[in-house]
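**Q** Take this structure, written in structure tokens, and hold onto it; I'll ask about it next.
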């Protein structure tokens with residue numbers, strides 16, 4: 001169980017204010033989607049929550065403790081992070097790659113224990129990638145690689161998972177697999193935060209959406225309260241058909257609004 | 001492609017390094033019969049054999065192992081840290097700066113004053129170089145800033161070396177500097193071992209301590225930091241490790257190129273390719289390779305003894321190219 005709270009959080013990238021004055025509280029058991037147009041500060045916001053970019057102002061509290069005072073390793077044990085893009089600098093075996101997720105728990109001289117190995121297998125299983133264990137990660141297809149990297153993040157075994165655009169490069173079937181998995185993690189009590197571009201997926205799967213525009217949240221709440229025609233026009237500059245199919249919202253962007 | 005370390009890799013490389021070390025003791029310009037060698041190793045033997053083995057060949061063999069191990073390890077660690085297969089021990093400017101100090105010692109005649117003045121000065125300038133790199137590269141975490149600053153420092157040190165050649169008072173001084181720059185383990189004594197060994201031990205320990213940092217960096221800088229790695233501190237350790245270790249090695253052997261570049265490439269396919277897995281094999285492989293090359297320069301009959309740096313480059317390039325042809329689909 002983990003709670004992340006941002007208070008008056010501001011970040012500058014160079015001279016450009018990327019995130020300004022964000023107050024946000026994220027709690028266990030939630031699947032939170034962070035949406036917004038390109039350059040709205042979504043990735044910067046989550047990187048700031050992880051302490052990966054320097055904060056200009058404000059604070060991030062992880063379980064009430066100022067993250068600036070927590071060591072990197074303590075943050076790493078509480079929040080797993082799946083970065084944007086599928087960065088892999090060496091052709092590692094899938095097994096080795098997923099084992100990196102255990103790093104925050106290893107002492108300087110200790111080796112992977114049997115328990116660690118079991119957690120690695122369990123993570124691969126949850127990401128539907130156990131059959132890829134013996135393969136080389138750089139030789140996988142985009143979809144397979146995405147699942148392996150997700151398994152790497154799950155192997156951390158942290159009570160919170162932050163995933164930056166986990167659906168990029170995935171076909172619709174695998175998009176659904178990944179969203180099902182993230183929702184299952186949240187249902188099991190984890191805090192799951194994910195940056196998404198697909199409004200339909202965001203509306204259908206997330207418990208809560210945070211709509212970012214120019215560095216600040218402009219709407220925060222249940223998907224259908226956030227994805228209103230007015231918000232979409234104002235923030236994205238688009239018109240969309242918004243319908244409900246049973247309990248599920250359907251969002252279909254139809255065109256640009258005149259601005 | 002295999003995804004795990006070959007089970008015989010470490011034993012084979014260890015055996016190779018030991019064999020090379022033994023061969024380095026037994027082979028040389030003056031032939032010694034095995035009986036005389038064993039007599040010396042047993043604590044007896046005649047004076048000539050004792051002098052050749054214990055005072056000439058033994059320190060030379062030790063330095064070959066120590067310097068080779070450091071160059072191989074530094075190359076492997078830097079390729080991992082910079083995530084760049086082109087990286088080698090000279091990439092941060094440490095070896096050029098150390099060479100500049102050594103050349104200064106030769107130029108100003110300090111090397112004649114005391115045999116250890118040259119290595120001591122080389123280590124000092126190596127450390128000054130890395131301090132300058134800290135100031136230049138600043139707190140930026142990108143490896144590119146570090147590479148660019150390293151190239152700038154290496155070029156400046158290279159210019160200093162050229163300047164000393166340019167201004168050298170006579171051709172003999174220039175010749176002395178040139179031949180030192182080509183790298184050699186000729187005429188080294190225990191004093192050199194005692195100056196290189198502590199530097200290499202400290203340097204190697206600093207690099208090996210960060211093996212998990214190197215693995216984590218496979219996921220990029222954000223990925224590594226989110227796994228609990230403090231990259232700022234890791235960078236300080238790695239830079240100091242390279243400066244102290246490579247500085248100490250270059251100080252006693254001169255600039256020996258290519259070992260640090262090719263050895264990690266040669267061993268990588270036999271491991272699981274994670275940066276940490278190539279550290280130990282690169283160390284053993286570097287030690288074996290440099291010791292073997294040093295036997296080569298002694299045995300190849302040329303008018304004046306071949307320089308070690310010349311041979312490693314001459315042999316290294318074809319081996320490296322062949323290897324590259326086979327492996328290129330991976331890059």
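Chains as they are written, first to last, in the UniProt record's numbering: chain G, 1 to 259; chain Y, 1 to 331. For every residue, glycine included, the Cβ atom is placed at its ideal position computed from N, Cα and C.
#1: Assuming residue 57 of chain Y contacts residue 24 of chain Y under a Cβ cut-off of 8 Å, what Cβ separation, rounded to an integer in Å, is found between them?
#2: Does the Cβ-Cβ distance between residue 28 of chain G and residue 49 of chain G come in under 8 Å?
#3: Measuring alpha carbon to alpha carbon, tell me which of G:168, G:172, G:188 ends up nearest residue 196 of chain G.
#4: Could you pull the DSSP bridge partners for residue 32 of chain G from this structure?
#5: Output, in chain order, the set of chain G residues within a Cβ distance shorter than 9 Å of residue 272 of chain Y.
#6: Considering just the uninterrupted stretch of the beta strand (DSSP E) at residue 266 of chain G, what are its terminal residues?
#7: In chain order, what residues of the same chain have a beta carbon less than 7 Å from the beta carbon of residue 236 of chain G, not counting five sequence neighbours either side?
#8: Buried or exposed for residue 166 of chain G, going by 16 or more other Cβ atoms inside 10 Å?
#9: Rounded to a whole number of angstroms, what is the C-alpha to C-alpha distance between residue 183 of chain G and residue 31 of chain G?
#10: Output yes or no for whether 8 Å exceeds the beta carbon distance between residue 195 of chain Y and residue 287 of chain Y.
#11: Residue ranges of each beta strand (DSSP E) run of no fewer than 3 residues wholly in the region 144-208 of chain Y, ordered along the chain?
#12: What's the call for residue 48 of chain Y, buried or exposed, on a 16-neighbour Cβ count within 10 Å?
#13: Where do the ends of the beta strand (DSSP E) carrying residue 11 of chain G lie?
#14: Between the beta-carbon of residue 218 of chain Y and the beta-carbon of residue 89 of chain G, is there less than 8 Å?
#15: Between the C-alpha atoms of residue 159 of chain G and residue 47 of chain G, what's the straight-line distance to the nearest angstrom?
#16: List, in order along the chain, the chain Y residues whose C-beta lies closer than 8 Å to that of residue 103 of chain G?
#17: Quick one: what does DSSP say residue 120 of chain G is sitting in, helix, strand or coil?
#18: Using DSSP's beta-bridge definition, name the partner residues of residue 240 of chain G.
#19: Is residue 99 of chain G closer than 8 Å to residue 112 of chain G when the C-beta atoms are compared?
#20: Which ranges does the beta strand (DSSP E) cover as unbroken runs of at least 3 residues, wholly within the region 133-204 of chain G, from first to last along the chain?
#21: According to DSSP, is residue 95 of chain G helix, strand or coil?
#22: Roughly how many angstroms separate the alpha carbons of residue 314 of chain Y and residue 97 of chain G, rounded to a whole number?
#23: State the beta-bridge partners of residue 107 of chain Y as determined by DSSP.
#24: Rounding to the nearest angstrom, what Cα-Cα distance links residue 2 of chain Y and residue 75 of chain G in this structure?
#25: Could you check how far apart the C-beta atoms of residue 36 of chain Y and residue 46 of chain Y are, in whole angstroms? I think they sit under 8 Å.
#26: Taking only the alpha-carbon atoms, compute the straight-line gap between residue 304 of chain Y and residue 29 of chain Y and give it to the nearest angstrom.
#27: For the beta strand (DSSP E) containing residue 17 of chain G, name the first residue and the last one.
#28: Check whether the region 272-289 of chain Y touches the region 99-112 of chain Y, counting contact only when three or more Cβ pairs, one atom from each stretch, lie closer than 8 Å.
#29: Quick one: what's got a C-beta closer than 6 Å to residue 17 of chain Y's C-beta in the same chain, skipping five residues either side?
#30: By DSSP's criteria, residue 67 of chain G is part of a beta bridge. Which residues make up the other side?
#31: In chain order, what residues of the region 242-269 of chain Y put their CB closer than 7 Å to some CB of chain G?
#32: Check whether chain Y comes within 8 Å of residue 55 of chain G, counting only Cβ atoms and requiring the distance to be less than that.
#33: For a quick check, are the C-beta atoms of residue 215 of chain Y and residue 93 of chain G less than 8 Å apart?
#34: Report buried or exposed for residue 254 of chain Y, applying the criterion of at least 16 other Cβ atoms within 10 angstroms of its Cβ.
#35: Hey, is residue 83 of chain G's beta-carbon within less than 8 Å of any beta-carbon in chain Y?
#36: On the DSSP bridge list, what partners appear for residue 81 of chain Y?
**A** Considering the structure as presented:
#1: Contact holds; Cβ gap of about 7 Å.
#2: The answer is no: Cβ separation not under 8 Å.
#3: It is G:168 whose Cα lies nearest to the Cα of residue 196 of chain G.
#4: According to DSSP, residue pairing for residue 32 of chain G in a beta bridge involves G:193, G:208.
#5: Chain-order list of chain G residues neighbouring residue 272 of chain Y: 92, 93, 95, 96, by C-beta distance under 9 Å.
#6: Chain G is shown only over 1 to 259; residue 266 of chain G falls outside these bounds and no answer can be derived.
#7: Residues of the same chain with a CB within less than 7 Å of the CB of residue 236 of chain G, apart from the 5 flanking positions on each side, are 37 in chain order.
#8: Classification for residue 166 of chain G: buried.
#9: Taking the straight line from one Cα to the other gives about 6 Å.
#10: No, they are not a contact pair.
#11: Correct list: empty.
#12: Here residue 48 of chain Y is exposed: its Cβ has fewer than 16 other Cβ atoms, across all protein chains shown, within 10 Å.
#13: Note, residue 11 of chain G: beta strand (DSSP E), 4-13.
#14: Yes.
#15: In a straight line, the C-alpha of residue 159 of chain G is about 17 Å away from that of residue 47 of chain G.
#16: At a C-beta separation below 8 Å, residue 103 of chain G has these neighbours in chain Y: 212, 215, 216, 227, 228, 229.
#17: Three-state result, residue 120 of chain G: helix.
#18: Under the DSSP definition of a beta bridge, residue 240 of chain G partners with G:253.
#19: Result yes, Cβ atoms of residue 112 of chain G and residue 99 of chain G sit closer than 8 Å.
#20: Here the runs fully enclosed are 160-164, 191-195.
#21: Helix.
#22: Spanning the two alpha carbons is a distance of roughly 37 Å.
#23: Paired residues: none, contrary to the question.
#24: Below a pLDDT of 50, predicted positions are generally treated as unreliable, and residue 2 of chain Y, at 46, falls in that range; no measurement from the model is reported.
#25: Yes, they are in contact, since the Cβ atoms of residue 36 of chain Y and residue 46 of chain Y sit about 7 Å apart, within 8 Å.
#26: A straight line joining the alpha-carbon of residue 304 of chain Y with that of residue 29 of chain Y spans about 12 Å.
#27: Where residue 17 of chain G is concerned, the enclosing beta strand (DSSP E) stretches over 16-26.
#28: No contact exists between the region 272-289 of chain Y and the region 99-112 of chain Y.
#29: Here the set comprises 284, 287, 288.
#30: Note: residue 67 of chain G is not bridge-paired with any residue in the DSSP secondary-structure output.
#31: Among the residues of the region 242-269 of chain Y, none has a Cβ less than 7 Å away from any Cβ of chain G.
#32: Output row for residue 55 of chain G: interface = no.
#33: With contacts defined as CB atoms closer than 8 Å, residue 215 of chain Y and residue 93 of chain G fail to qualify as a contacting pair.
#34: Classification for residue 254 of chain Y: buried.
#35: So yes, residue 83 of chain G belongs to the interface.
#36: Residue pairing by DSSP leaves residue 81 of chain Y without any beta bridge partner.
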